[in-house]
Amino acid sequence: MRNLTLSTVLTSALLISAPLLSLNVFAQTEMGDMSGDMAGDKMQPQGGDAPKNARDPHAYANGTTLTQGPYALADGERLTLADEYKFYAILGDRLEYNEQADAAVFDLQAWYGTTFNRLVIKTEGDVSYGKLEENQTDILWGHAISAYWDTQVGIRYDYYKEGKNRQWLAFGIQGLAPYWFELDMTAYVGESGNTAFTAEAEYELLLTQRLIIQPRAEITFYGKDDEQNELGSGLSSTAIGVRVRYEFTRQFAPYVGVEWTNKFGSTADYAKLNEQSSNDTEFVAGLRFWF
Amino acid sequence: MIKRQILTQGVNGSIPAPTLRLKEGDDVTIRVTNNLAVPSSIHWHGIILPYQMDGVPGISFKGIMPGETFVYKFKLQQSGTYWYHSHSGFQEMTGMYGALIIEPREQDVISADNEHIIQLSDWTDDDPMELFRKLKIQGDVFNFNQPTVPEFFDDIATSGVANALQRREMWNQMRMSPTDLADLSASAMTYLMNGTAPMANWRGLFKAGEKVRLRFINGSSNTFFDVRIPELKLTVVQADGQNVEPVTVDEFRFGPGETYDVVVEPKNDAYTIFAQSMDRSGYAKGTLSVAANIDAPVPALDPVEWLAMRDMMGNMDHSAMPGMDHSAMGHASMDKTSMDQGAMDHSTMDHGAMAMDHSTMDHGAMAMDHSTMDHGAMAMDHSKHNMGKNPLAVPSQKVRHAKTEYGASIDMRVDTPRTNLDDPGIGLRNNGRRVLTLADLRSLDGIVDHQAPEAEIELHLTGNMERYSWSFDGLEFGKSTPVHMKHNQRVRVILQNDTMMTHPMHLHGMWSDLENDQGDVLVRRHTIMVQPAQRISFLTTPHDVGRWAWHCHLLFHMDAGMFREVVVS
């Protein structure tokens, strides 16, 4: 029970105060001053809306384009640079083994696309005794809306070994909040009118250039009870963890850590009915990687 | 008529490629055969020539296809130290660069008994595009000098909690790193001197008593070097191939694309030519000695310095003194340099007062104000400003951000840029050495055109480190339209750096005549380094029609989109 208190407090702290503080600044810096008049009177080094008299970046073109106008190359040929190329990444944030449950957890993300528009795939799940227990996969179109934020719109598919698989429409936002909080928040609309909301926050503390502490918190809400999957409406669960990783390279970092998970409301009641605990403390070891 | 053949396979099999020594006034024909499996090109960096000969695929020509030979033909209208390199993809980064030395037709005004070309570069064993992709995934992937928690506690111990927090506040709030000094560090690159790694110790010999001319070329892809030769004074005599009034310094910084010729007078001894990277992660080095068996000590790398407020905000104290950087930000490192150099350079001293007048008075009132100022302390020649007559006599100070600077492609804008040129830059301020600044450079008489500009172009250098996107005005090359310049019309270009990195800006096909914020033309360059939050301007007269490239010469910034096409017609 002590763990519950500690983790609840920490979860609240990280998930509510820090991101909300960030969101407050986010609102100021990313969304701009709604009065719309900031022609030089106010220093605003980031974000905001362009004032009406802002300079036209094409004003010096005098009608020329990269393929048209005097001395353009024949056949519309022109230079193409990496801003028009597509890149990819595969990021394994958590690939870990939980000794107490004899279970493995994976949390992977991949993207493919340009700087501002990407196909994003996120998948996370639990494997127990070599069998996939649960899996949630989001397939999203990520679109940059400001310096540090992408909207993500798409679908989510939930797999339950015991239970009923679910499909959702996903509307999210992922990015970097002021003070370096990595945030990922998504609202879901599912079958038979159920809704869900998940938020994840991560932070990094560098002890050295390679030894890094990473607190992480996650919170889940549901709009309705999902009896088949034993999920209750309202605040359903939280997870808060602290991981310490060593970056042998930036791309390869084993870690150890501890994670506290809590279930709330009807979700906790379902757990109790199954004689499962509604709060757990787990020690984890895993690997963070990307390529 | 001189004919040469270059096989672009690393260029004749060596790194750097062979040095070309040509003569001013000559008509040259250079046949370049592409033995690679991919299209290639050679660009003659800093050379005035017809645009079809400039060697930028997709702009000046189609490029040289595999197996094809392209014939470059042009007349050399200039002399000095230059270089050439591939302008295709990242080929330059894999060794396709060499020195291009053009001897003056008349007697060289620079007298030396001996000379060495010192070409600095950076080498990676990885595929450059793979390094680029890594930066797209994680912008700070190669930065191993990031702020840490123990540093924070050290800071608290020495300066108190409030100061330690305050020092970090702006950086953390803006999600910018104070040690973001280079995208690629020694963790990815090996720094080379004439193609030689530090351990292999490139050596240049001289005879006792000789005056030695060193032709420094920064042929690196992405590295600023801070160059010095401990125990020797460096007399800078040429910048970007153009002769300058000699100025004696201990050290100079130069970015990719720039060249400096210095004359040194070594004693009967050995000296280390030491070129540390701007981010202090590594160095290139070699030895200058009278004999092959003696070496000099190698200095330690300087400590990493955090970017200062002036690198983020420019000149905070804008209303009072746009020209100077005496903002009282409480950073001990900030003020001494500009004070010292201001005292040395009286033209700089005047800027504060002068620029203040601009903001508050009309030109008539300004002339009045001059009479009340201490003329004894003013080295500037006001007569050539013609302030009452030409509204473009002085570069405009009003910051005009582009519409496209408010989107996802940029992570910051500067509203109060600094316009002084006497700042040696991050890591070189107050290091106890006399460091070259742009304010020190004066072209030798007769080089620079003093004609007044007829038009003004303002462009901002922009980027987003987190997304690893670089651009002008927030528009990457693919979304941009060209900048049109009228043939033979003198035009002023204002470049304002809205990023926290330094960018060496290279305009092809025409000279960039750097001016100060009072409109005094100082020096003729082909590549001008623009510091964070700095606003500089130069005048150019495009004498050659055609399409020209204009870009940051940090190769990754260029390829990420900090690139514009210029149409002269």
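Top line first, the protein sequences correspond to chains B and P. Just so you know, numbering that gives the first Met the number 0 puts the end of the first sequence at 290, numbered straight through with nothing missing. Just so you know, numbering that gives the first Met the number 0 puts the end of the second sequence at 568, numbered straight through with nothing missing. Virtual Cβ for every residue (Gly too), placed ideally from N, Cα, C. Please read all numbers here as calculations on a predicted model, not as lab measurements.
Closer than 6 Å by C-beta to His483/P: which residues in its own chain qualify, once you throw out the five before and the five after it? Chain order, please. Counting from 1 along the second sequence, the entry for residue 483/P is found at position 484. So the qualifying residues of the chain are Val566.
Neighbourhood of Glu102/P by C-beta distance below 8 Å, restricted to the same chain and skipping five residues each side: By one-based count along the second sequence, residue 102/P stands at place 103. Within the same chain, Glu102/P has close Cβ partners Arg20, Leu21, Lys22, Glu23, Ser78.
Are the C-beta atoms of Ala49/B and some chain P residue less than 8 Å apart? Within the first sequence, numbered from 1, the residue matching residue 49/B stands at position 50. Output row for Ala49/B: interface = yes.
Are the CB atoms of Trp547/P and Asp53/P nearer to each other than 8 Å? Along the second sequence, one-based indexing puts residue 547/P at 548. Along the second sequence, one-based indexing puts residue 53/P at 54. It is a contact, given that the beta carbons lie within the stated cut-off.
Apart from the five residues on each side of it in sequence, which residues of its chain come closer than 6 Å, Cβ to Cβ, to Tyr87/B? Start at 1 with the first residue of the first sequence, and residue 87/B comes out as number 88. Within the same chain, Tyr87/B has close Cβ partners Tyr111.
Residue range of the unbroken beta strand (DSSP E) whose run includes Thr157/P: Reading the second sequence from its first residue, position 158 is the one you call residue 157/P. Looking at the DSSP string, Thr157/P is not in any beta strand (DSSP E); the run it does join, the alpha helix (DSSP H), is 148–173.
Below 8 Å, can you find three or more Cβ-Cβ pairs linking the region 278–293 of chain P to the region 197–211 of chain P? yes
At least one CB of chain B closer than 8 Å to the CB of Pro149/P: is that the case? The residue labelled residue 149/P in the question sits at position 150 within the second sequence. Closer than 8 Å: yes.
The region 259–269 of chain P in contact with the region 206–225 of chain P per 3-pair CB rule at 8 Å: yes
Listing by chain order, which chain P residues have their CB less than 9 Å from the CB of Pro253/B? Reading the first sequence from its first residue, position 254 is the one you call residue 253/B. Per Cβ cutoff of 9 Å: no residues; Pro253/B is ~18 Å from chain P at best.
Rounded separation between Pro65/P and Asn33/P - CA only: By one-based count along the second sequence, residue 65/P stands at place 66. By one-based count along the second sequence, residue 33/P stands at place 34. Spanning the two alpha carbons is a distance of roughly 5 Å.
Among the candidates Gln275/P, Gly159/P, His550/P, whose CA atom is the shortest distance from the CA of Thr526/P? On the second sequence, residue 526/P is found 527 positions in, with the first residue counted as 1. When each option's Cα is compared against that of Thr526/P, the closest is His550/P.
Look at the alpha carbon of Pro15/P and the alpha carbon of Ser219/P, and state the distance between them as a whole number of angstroms. Counting from 1 along the second sequence, the entry for residue 15/P is found at position 16. Counting from 1 along the second sequence, the entry for residue 219/P is found at position 220. Distance between the alpha carbons of Pro15/P and Ser219/P: 11 Å.
In chain B, which residues lie less than 8 Å from Val544/P when you measure between Cβ atoms? As a position in the second sequence, residue 544/P is number 545, starting the count at 1. Ordered by position in chain B, the residues that pass the 8 Å Cβ test against Val544/P are Pro69, Tyr70.
Would you give the residue range spanned by the alpha helix (DSSP H) that Asp209/P belongs to? Walking along the second sequence from the start, residue 209/P turns up at place 210. Note on identity: in this sequence residue 209/P is Glu, with Asp being the wrong assignment. Segment: none, Glu209/P is in no alpha helix (DSSP H) and carries neither H nor E.
Quick one, which residues of the region 403–419 of chain P are near chain B if we go by CB-CB under 8 Å, in chain order? Thr403, Glu404, Tyr405, Gly406, Ala407, Ser408, Ile409, Asp410, Met411, Arg412, Val413, Asp414, Thr415
Amino acids of chain P, ordered along the chain, whose beta-carbon sits closer than 9 Å to that of Gln208/B: Your numbering for residue 208/B matches position 209 in the first sequence. The contacting residues are Asn142, Phe143, Asn144, Gln145, Thr147.
Residue-level contact to chain P via CB, Tyr202/B, 8 Å cutoff: Residue mapping note: residue 202/B aligns to position 203 of the first sequence, counting from 1. No, its Cβ sits nowhere closer than 8 Å to a Cβ of chain P.
Val257/B to Gly222/B span [Cα, whole Å]: Numbered from its first residue, the first sequence carries residue 257/B at position 258. Numbered from its first residue, the first sequence carries residue 222/B at position 223. Taking the straight line joining both Cα atoms gives about 29 Å.
Contact criterion: CB-CB distance below 8 Å. Does Leu204/P meet it with respect to chain B? Translated into positions along the second sequence, residue 204/P becomes position 205. Judged by the 8 Å Cβ criterion, Leu204/P is not in contact with chain B.
Which of helix, strand or coil does DSSP assign to Leu437/P? The residue you call residue 437/P lines up with position 438 of the second sequence. DSSP places Leu437/P in helix when its eight states are reduced to three.
Distance check for Asn429/P and Ile228/P, CA to CA, integer angstroms please. For the purposes of this step, residue 228/P is identified with residue 229 of the second sequence, where counting begins at 1. For the purposes of this step, residue 429/P is identified with residue 430 of the second sequence, where counting begins at 1. Between Ile228/P and Asn429/P, the C-alpha separation is close to 18 Å.
Among Thr189/P, Glu404/P, Ala438/P, the one whose alpha carbon lies nearest that of Ser470/P: Along the second sequence, one-based indexing puts residue 470/P at 471. Cα-wise, what sits closest to Ser470/P is Glu404/P.
Use the C-beta contact count for Pro298/P: other C-beta atoms within 10 angstroms, 16 or more gives buried, fewer gives exposed. Start at 1 with the first residue of the second sequence, and residue 298/P comes out as number 299. Its Cβ having fewer than 16 others within 10 Å, Pro298/P is exposed.
Please name the residue in Leu119/P, Thr178/P, Ile116/P whose C-alpha comes closest to that of Asp139/P. In the second sequence, the residue the question calls residue 139/P occupies position 140. Checked all of Leu119/P, Thr178/P, Ile116/P; the closest Cα to Asp139/P is Thr178/P.
Nearest chain B C-beta to Gly431/P closer than 8 Å, yes or no? The count along the second sequence starts at 1 and reaches residue 431/P at position 432. Not an interface residue.
Range covered by the alpha helix (DSSP H) that runs through Thr302/B: Lying outside 0 to 290, the shown extent of chain B, residue 302/B is not represented and no answer is given.
Does any residue of chain B bring its CB to less than 8 Å from the CB of Gly560/P? For the purposes of this step, residue 560/P is identified with residue 561 of the second sequence, where counting begins at 1. So, interface residue.
Out of Glu132/B, Leu204/B, Trp148/B, state which residue places its alpha-carbon closest to the alpha-carbon of Ala102/B. Along the first sequence, one-based indexing puts residue 102/B at 103. Selected option, being the one with the closest Cα: Glu132/B.
Residue of Phe253/P, Val243/P, Asp225/P, Leu231/P minimising C-alpha distance to Leu300/P: Counting from one through the second sequence, the residue named residue 300/P turns up at place 301. Cα-wise, what sits closest to Leu300/P is Asp225/P.
Identify which residue in Leu286/B, Pro253/B, Ala73/B, Gly231/B has its Cα closest to the Cα of Ala267/B. If you number the first sequence from 1, residue 267/B lands on position 268. Nearest option by C-alpha distance: Gly231/B.
Below 8 Å, can you find three or more Cβ-Cβ pairs linking the region 245–261 of chain P to the region 143–154 of chain P? no
Cβ shell of Pro253/B (< 6 Å), same chain only, five flanking positions each side left out: By one-based count along the first sequence, residue 253/B stands at place 254. Here the set comprises Leu286.
Alpha carbon to alpha carbon, how far is Ile216/P from Leu191/P? For the purposes of this step, residue 216/P is taken as residue 217 along the second sequence, with counting starting at 1. For the purposes of this step, residue 191/P is taken as residue 192 along the second sequence, with counting starting at 1. Approximately 12 Å, taken between the alpha carbons.
Residues bridged to Phe282/B [DSSP beta-bridge criterion]: Residue mapping note: residue 282/B aligns to position 283 of the first sequence, counting from 1. Partner(s): Val257/B.
By DSSP, does His115/P sit in helix, in strand, or in coil? As a first step, residue 115/P is located in the second sequence; it is residue number 116 there, counting from the start. Three-state result, His115/P: strand.
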